[in-house]
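Participant: Chains as they are written, first to last, in my numbering: chain U, 126 to 283; chain B, 126 to 283. Don't be surprised by glycine CBs; every beta carbon is placed ideally from N, CA and C.
Number of protein chains: 2
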Amino acid sequence: MRFSKKSEYGLRALIELTKHYGHPITRQQIAEEQHVPIVFLEQILLSLKHAGLLASTRGIQGGYQLIKPPKDVTLGQVIRVLDGPLAPIGCVSKTAYRKCEDCPYAKKSYCPLQHVMGGVRNAIADILDNYSLEDFISGTRSNRPARLGAVRRKSERA
Amino acid sequence: MRFSKKSEYGLRALIELTKHYGHPITRQQIAEEQHVPIVFLEQILLSLKHAGLLASTRGIQGGYQLIKPPKDVTLGQVIRVLDGPLAPIGCVSKTAYRKCEDCPYAKKSYCPLQHVMGGVRNAIADILDNYSLEDFISGTRSNRPARLGAVRRKSERA
DNA sequence: TTAATGTTTAGTAAAGTTGTCGAGATTGTA
DNA sequence: TACAATCTCGACAACTTTACTAAACATTAA
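1) Whole beta strand (DSSP E) runs in the stretch 139-183 of chain B with 3 or more residues, listed along the chain?
2) Helix, strand or coil for G188 of chain B? Go by DSSP, reduced to three states.
3) Is G135 of chain U close to chain B, meaning its C-beta is less than 8 Å from at least one C-beta of that chain?
4) With 8 Å set as the bound, which would you pick, yes or no: does the beta-carbon of F165 of chain B sit closer than that to a beta-carbon of chain U?
5) Of all the CB atoms in chain U, is at least one closer than 8 Å to the CB of L211 of chain B?
6) Indicate whether P213 of chain B and R127 of chain U have their beta-carbon atoms separated by less than 8 Å.
7) Considering Cα atoms alone, identify which of U:C236, U:N255 and U:P237 is closest to V245 of chain B.
8) Residues bridged to S257 of chain B by DSSP?
9) Is there at least one Cβ from chain U nearer than 8 Å to D227 of chain B's Cβ?
10) So G244 of chain B contacts chain U; which residues on that side make the cut at Cβ distance below 7 Å?
11) Is the CB-CB distance between M217 of chain U and L200 of chain B below 8 Å?
12) How many Å lie between H175 of chain U and S132 of chain U at the Cα?
13) Taking only the alpha-carbon atoms, compute the straight-line gap between Y146 of chain B and R223 of chain U and give it to the nearest angstrom.
14) Which bits of chain B does E158 of chain U rub up against, with CB to CB less than 9 Å?
15) Does the distance from the C-beta atom of L258 of chain U to that of V206 of chain U stay below 8 Å?
16) Does any residue of chain B bring its CB to less than 8 Å from the CB of A271 of chain U?
17) How close, in whole Å, do the beta carbons of Q190 of chain U and L142 of chain U come, if the pair is a contact with beta carbons under 8 Å?
18) Does the beta carbon of R127 of chain U sit closer than 8 Å to a beta carbon anywhere in chain B?
19) If distances are taken between C-alpha atoms only, which option among B:C228, B:A231, B:L211 and B:P237 comes closest to S129 of chain B?
20) Looking at the structure shown, is Y134 of chain B part of a helix, part of a strand, or coil, going by DSSP?
21) Look at I163 of chain B and Y134 of chain B and say whether their C-beta atoms are less than 8 Å apart.
22) When the cut-off is 8 Å and only beta carbons count, does H240 of chain B lie next to chain U?
23) Report the three-state DSSP secondary structure of A250 of chain B (helix, strand or coil).
24) Could you name the residues of the stretch 183-209 of chain B whose beta carbon sits closer than 8 Å to any beta carbon of chain U, in the order they occur along the chain?
25) How many whole angstroms separate the CB atoms of G188 of chain U and I150 of chain U, which I take to be in contact at a CB cut-off of 8 Å?
26) Output, in chain order, the set of chain U residues within a Cβ distance shorter than 7 Å of Y256 of chain B.
27) Is there a Cβ from chain U that is less than 8 Å from the Cβ of N268 of chain B?
28) With distance defined between alpha-carbon atoms, name the residue in B:S263, B:A248 and B:L136 nearest to Y235 of chain U.
29) Below 8 Å on the Cβ atoms is my contact criterion, and I expect A138 of chain B with L166 of chain B to pass it. Report the Cβ-Cβ distance as a whole number of Å.
30) Do you know how far the Cα of Q159 of chain U is from the Cα of P229 of chain B?
31) Is it true that the CB of I204 of chain B sits closer than 8 Å to the CB of I249 of chain U?
32) Do the CB positions of L291 of chain B and L173 of chain U come within less than 8 Å of each other?
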């Protein structure tokens, strides 16, 4: 149940991009600062760009920059772009639901596995979809509404 | 962030084994009941046996059986046997800790990634290490101590 | 003995992970 | 214009993991 290096590097890159929010930095700067293999990093930055999180400018003085306010980008969004759905099994994913092919419970009203794994997916999404880049670099999950059934930012999808 | 088929099949097999707790059933019965490829299933049952969860008897009338009371086996244990640690990155695992090789935060006192991922690992382990096979087949997390800081079964490891 | 079972070792096709390489396209500056 | 720094894009390759299958063998009950 691991996240890939891709997600890890991507998140580390976003730490750097968030620190420099407002002006572009080069892949080289990011790679050096965060110790990420530069050509692999490029792929990752491209994915994040295509997902609409980054903008890039070419040429001298070029580089990548974050185009959304750090508090509006959640770690959940980033990880879904780079690693796919958060859900531990397909039949509990909200972004990429896949019905179980030959699960004997598929046609019944209740599946034990689905029940537990649904809980796991929600626990993961509750954290990652409520944790922004701003929280990330400051190290605090800032003033989110408390848990315990209070209204909270919707645990978007998984 | 998926669990493998191995874990999924293993858990489905354990549903069957829990239902028949007390006497052996054959891989064939399990395979048919749960629609799991039989030869692959065998590997899985062997792993669970080596982990001390199952016993097997050979020959006619043989089969596999659960040797621990269903309420003493947690889903977390099972998944760790079949899929490895629950932790999403090595440096937050309690069962299989691996220090980050070249993370620039490795030598500092605080790592943002470690902070968030530690939370994720605990959320997952809190569920899976407190959910027994008994709960699993009954579909209810029975009378576990409530959340909210109350004493609860230790979230063992990940 | 024989048939039903588990045991063990090997192998393997497909997919995923973690990268590298190289030929361009674009841009600011001299 | 020429040049150098940068991003862009597609290919590809080594390695690992996943999800299996095959086959020879060991054990047991009837």
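Facilitator: Once the coordinates are examined:
1) 179-182
2) strand
3) no
4) no
5) yes
6) yes
7) U:N255
8) B:T199
9) yes
10) I252
11) Here residue 217 of chain U turns out to be Val, not Met, going by the sequence shown. Taking 8 Å as the Cβ cut-off, V217 of chain U and L200 of chain B do not qualify as a contacting pair.
12) 15 Å
13) 32 Å
14) P229
15) no
16) Any reading at A271 of chain U must be qualified, since the residue scores a pLDDT of 40, below 50, and its modelled position is unreliable; no value is offered.
17) 7 Å
18) yes
19) B:L211
20) helix
21) no
22) yes
23) helix
24) L200, I204, D208 and G209
25) 5 Å
26) V241
27) Unreliable placement is indicated for N268 of chain B, whose pLDDT of 46 sits below 50; no coordinate value is reported for it.
28) B:S263
29) 6 Å
30) 6 Å
31) no
32) Residue 291 of chain B lies beyond the range of chain B shown here (126 to 283); nothing can be said about it.
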